[in-house]
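One structure is given here, and the rest of the page talks about it.
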Amino acid sequence: MRKNSDATTLPTPAIADADWERLEPESAYVKKCRLKWAALIKAVYEVDPLKCPKCGGTMKIISFIEDDATIQNPE
């Protein structure tokens with residue numbers, strides 16, 4: 116059975132935000148973290164975020180779009 120926890124208590128991050136910027140984007144550590152997030156999304160939402168909706172194969176993350184204008188109007 117789960118223990119009751121205080122919702123305001125957050126776990127200590129494994130790595131500080133400032134340190135993320137110093138990591139190489141394609142380092143093994145960063146890739147492993149991305150895969151862990153994919154597994155977490157799959158466990159919580161019961162959807163595989165890396166499964167191709169067309170063929171069912173495994174997709175590969177090739178980039179992250181961070182520009183607000185591009186996200187709002189991708190064309």
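Per the working numbering, the sequence shown runs over residues 116 to 190. Glycine included, each C-beta is placed from N, C-alpha and C at the ideal position.
Boundaries of the alpha helix (DSSP H) harbouring residue 186: 183 to 187, taken from the DSSP string.
Each residue's CA atom was taken as its position, placing residue 177 and residue 152 some 15 Å apart. In this structure, DSSP gives residue 147 a helical state, which the three-state scheme calls helix. The three-state secondary structure of residue 166, taken from DSSP, is strand.
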